[in-house]
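Below is one structure, written out as structure tokens; comments come after it.
Numbering (our numbering), first residue to last: 2 to 265.
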């Protein structure tokens, strides 16, 4: 693994993951430069979330290495990793008995010493994170009482409160209405950190990502800018559906209009 490319925030080197006798990720090698908004797209079950889980140490690759700023993820403690990578995952059941404010405060735990109370600065960071994620009005409610979209905004706020140089977002727009989808993605982009996300909405991905990669059967089959990746041919081939691709009238980024039915 190269340690000389200081522009790379994240590097995957020959990463493979095998779960339950099934190969999920195959010899994946790639890097993400510091400050980029990198999006993984691809059909369900293609391995996007598995690739992300190797970065925030929810999974250990069967083979290969993942590095942050040249240091192997496996060489860091979980606490050290949590100071480098904040992750919005697809599981939230561990917070059911917490208030929203308490959930957001857990984002500060990697930065707080054992038994130490939250400082005024920590509380201000949590308040700003809640505001950025559109969750300020939810702070006094129980997490278990929230709708799916409300809970998602709280978990985004928690990730923001962690204040890490790398932000991992696994399906960040799940359960969100259109307004909050764009607000959350805009807030993530505007934090000025390296963002790596798994996304299903191709048009949202095109609007916010600087780089995209299509993952299919645990392999990256196409990578580039949104304009290079979101082509009619690529979408028909890897997603199995016909479409038209047109430029957004204001930003000129590609926007996908899907046809009815599967790709002929």
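Just so it is clear, CB atoms sit at the ideal spot from N, CA and C, and this is done for glycine as well.
Between the alpha carbons of residue 229 and residue 214 lies a gap of roughly 10 Å.
Assignment of beta-bridge partners to residue 161 by DSSP yields no partner.
The distance from the Cβ of residue 188 to that of residue 133 is about 4 Å, consistent with a contact at the 8 Å cut-off. The Cβ-Cβ distance between residue 39 and residue 197 falls below 9 Å.
A distance below 7 Å between beta-carbons, with the five flanking residues on each side excluded, links residue 37 to the following residues of its chain, in chain order: 195, 211 and 212.
Taking the Cα positions, residue 142 is about 12 Å away from residue 105. DSSP places residue 102 inside the alpha helix (DSSP H), whose first and last residues are 101-106. Counting along the chain, residue 186 sits inside no beta strand (DSSP E); it lies in the alpha helix (DSSP H) bounded by residues 179-190. For residue 148, the number of other beta carbons within 10 angstroms of its own is below 16, and it is reported as exposed. Between residue 85 and the set 160, 221, 61 and 8, the nearest pair of CA atoms involves 160. The Cβ atoms of residue 130 and residue 152 lie no closer than 9 Å to each other. For residue 34, same chain residues with a beta-carbon under 7 Å away, outside a window of 5 residues either side, are 8, 9 and 10 in chain order. By the Cβ rule, the segment 64-82 does not count as touching the segment 242-255, because fewer than three pairs are nearer than 8 Å.
Judged by DSSP in its simplified three-state form, residue 130 adopts helix. Rounded to the nearest angstrom, the Cβ distance from residue 242 to residue 260 is 7 Å, consistent with a contact under 8 Å.
The beta carbon of residue 181 is closer than 7 Å to those of 135, 150 and 154 in its chain, skipping five residues each way along the sequence.
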